[in-house]
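For reference, the structure is listed below as structure tokens.
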Amino acid sequence: MRISRLRPTRRLGVLTQALILAVLPLIVGCNLSLTPPAATPTPAATAVQLPTPIPPVSELGTSKNPLILALAPATQSTQDVLAAGNTLVGLLEKNTGYSILSVVPPSEADLVRGFANGSAHIGVLSPFGYLLASSQGSAEAAFAREQDKQILYGAQFIARADAGFKPYFDPPSGSNLVDSPQALAQFQDKKPCWTDERSASGYVVPLGFLNEARIPTRTPAFLAGHVAVVRAVAAGGICDFGATYVDARTYPGLQDEYPDLLKQVAVIWRVPPIIPYETLAFANGMDEAMRRNLIRAFVDLESTPEGSAAMQKLYGFGAMQVVQDSQYDDFRKAVRASGLDLNTLIL
Numbered sequence: 036m037r038i039s040r041l042r043p044t045r046r047l048g049v050l051t052q053a054l055i056l057a058v059l060p061l062i063v064g065c066n067l068s069l070t071p072p073a074a075t076p077t078p079a080a081t082a083v084q085l086p087t088p089i090p091p092v093s094e095l096g097t098s099k100n101p102l103i104l105a106l107a108p109a110t111q112s113t114q115d116v117l118a119a120g121n122t123l124v125g126l127l128e129k130n131t132g133y134s135i136l137s138v139v140p141p142s143e144a145d146l147v148r149g150f151a152n153g154s155a156h157i158g159v160l161s162p163f164g165y166l167l168a169s170s171q172g173s174a175e176a177a178f179a180r181e182q183d184k185q186i187l188y189g190a191q192f193i194a195r196a197d198a199g200f201k202p203y204f205d206p207p208s209g210s211n212l213v214d215s216p217q218a219l220a221q222f223q224d225k226k227p228c229w230t231d232e233r234s235a236s237g238y239v240v241p242l243g244f245l246n247e248a249r250i251p252t253r254t255p256a257f258l259a260g261h262v263a264v265v266r267a268v269a270a271g272g273i274c275d276f277g278a279t280y281v282d283a284r285t286y287p288g289l290q291d292e293y294p295d296l297l298k299q300v301a302v303i304w305r306v307p308p309i310i311p312y313e314t315l316a317f318a319n320g321m322d323e324a325m326r327r328n329l330i331r332a333f334v335d336l337e338s339t340p341e342g343s344a345a346m347q348k349l350y351g352f353g354a355m356q357v358v359q360d361s362q363y364d365d366f367r368k369a370v371r372a373s374g375l376d377l378n379t380l381i382l
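In this text, residue positions in the sequence shown follow this note's numbering: the first is 36, and each later residue adds one.
Structure (structure tokens):
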């Protein structure tokens, strides 16, 4: 099974490639030729640590110093995933002329470290993973995953309509009537329901807006997801308000349980669309010509059935848009205001 290319006519498995990279300086120092045996196809590959960075022996993107493409972090990859990785690598090599090595990092934390130490050059990061890597100066956004033709989404503060809070969101116009400090001040010393400790829209970003406005709240309740928060707010007695994505109240089946849900649970204020989906990032400091070639190659492969299917299988990218780091500034500001450690928000 082809994972990537070290030489134009040789294909190696992920584990074999990682070992070759680890001993490559010794091989080069001894002036020995590198002629690996053909790899035996396997049904699955266990994730391994990213290759140990080595001093460049030649220009990046050549067979002796390939670009390292990280597949989605996982403890084990299925045959379908590895086949999709083969397809993606083949298309990128064909479109760019670069030699590319694909690896499966065990976790996103390993991938972030890989960008930092030079053992990963291309990979997909979660919103928090990207903020961490970019804050370290090791990765720069290239593409953002698109959903419903958007690359950013918002959040909303909700409460029971009869709880005494004044809504500052106008449903007909879909806009807020006042800024966040004025709208959220009424939540001071009230108890929030958050979705989970790593949710951007159900915890981290709403907390950032509350902290930025200097609005203290009571000890929160963390529930199992956005639908659970809607249910808790509708039931009453668990928390005074909650936060979810827009609009979790319309989740299939909820209005069967609560026929008057849209009237019973009001949107008090909405966080504008500032939260990104996943980001396809390149290593920071990559040669600008190489970056342009890779961007063009990803755009081209997205227009092909094989490339589109591979991106969907590997990363869940049905569509994507070219993005600039500055488009994350509002999200970055809210996460910083939350006071949470980015290292605790990734796995």
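No residue lacks a Cβ here, since even glycine has one placed at the ideal position from N, Cα and C. Source: prediction; values computed, not measured.
Distances from the CA of N121 to each of D365, L187, G342, G351 were compared; the closest alpha carbon is that of G342. S215: member of the alpha helix (DSSP H) spanning 215-219, first to last residue.
For G164, the closest of A218, R327, R233 by C-alpha to C-alpha distance is R233. Under DSSP, no beta-bridge partner is assigned to Q347.
Put simply, of G199, Y133, S112, P101 the residue whose alpha carbon is nearest the alpha carbon of R327 is Y133.
In the displayed model, Q362 falls within a helix according to three-state DSSP. Taken atom to atom, the span from the alpha-carbon of D115 to that of L349 is near 9 Å.
Residue range 162-170 is occupied by the alpha helix (DSSP H) that includes Y165, with no beta strand (DSSP E) assigned at that position. In chain order, H261, V262, V265 place their CB closer than 8 Å to the CB of Y286, counting only its own chain and leaving out the 5 sequence neighbours on each side. Between D360 and S169 a beta carbon distance of about 6 Å is seen, short of the 8 Å cut, so the two are scored as contacting. Restricted to the region 286-334, the alpha helix (DSSP H) segments that are unbroken, complete and at least 4 residues in length are 289-292, 296-299, listed in chain order.
Using a Cβ-Cβ distance cut-off of 8 Å, the region 136-145 and the region 283-300 are not in contact, since fewer than three pairs of beta carbons, one from each stretch, lie closer than that value. Listed in chain order, the beta strand (DSSP E) elements of length 3 or more contained wholly in the region 114-191 are 135-138, 157-160, 174-180. Using a Cβ-Cβ distance cut-off of 8 Å, the region 185-200 and the region 303-314 are in contact, since at least three pairs of beta carbons, one from each stretch, lie closer than that value. Counting other Cβ atoms within 10 Å of its Cβ, P340 stays below 16 and is therefore classed as exposed.
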